[in-house]
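Enquirer: As numbered in UniProt numbering, residues 1 to 90 make up the sequence shown, in order. C-beta atoms are modelled at their ideal positions from N, C-alpha and C, and glycine is treated no differently. Bear in mind that the values here come from a model prediction, so they are computed numbers and not experimental data.
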Amino acid sequence: MAWMAWTLPTAIFFGVIASLLIIFTILAIKYPETPRVGILRIETTRGDRLFITLLGSAFINLIWLGLEVAPQPYALLACLVYAAAVFRWV
1 MAWMAWTLPT AIFFGVIASL LIIFTILAIK YPETPRVGIL RIETTRGDRL
51 FITLLGSAFI NLIWLGLEVA PQPYALLACL VYAAAVFRWV
């Protein structure tokens, strides 16, 4: 695995993503989901909302870095608020 610099933050990031995918797969098997329509007026499932959250969080972090709004750990708080909003209303 010398082709990639596996630092602790990198390993944690990929570990969290893998854990989320495993948890959401187990939830989908154990509790079948029914799509719901939110403020976007499209049917979304838990997996769709997770994808929207991950994509949006990536953009939040890129904008945060580009504009140098505040220290980067505060972007995590913004992403958590965004994730809660997506899973609640989308």
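Among all the DSSP beta bridges, which residues are the ones paired with Val-37?
Expert: For the purposes of this step, residue 37 is taken as residue 37 along the sequence shown, with counting starting at 1. BP columns for Val-37 point to Glu-43.
Enquirer: Tell me the residue span of the alpha helix (DSSP H) that contains Val-16.
Expert: Here residue 16 corresponds to residue number 16 of the sequence shown, with the count starting at 1. Residues 8 to 30.
Enquirer: Tell me whether Arg-36 is buried or exposed, calling it buried when 16 or more other Cβ atoms sit within 10 Å of its Cβ.
Expert: Taking the sequence shown and counting its residues from 1, the one referred to as residue 36 is at position 36. By the 10 Å Cβ count, Arg-36 comes out exposed.
Enquirer: Find the nearest neighbour of Asp-48 within the set Thr-7, Val-86 and Trp-6, judged by alpha-carbon distance.
Expert: Taking the first residue of the sequence shown as 1, we reach residue 48 at position 48. The candidate whose alpha carbon is nearest that of Asp-48 is Val-86.
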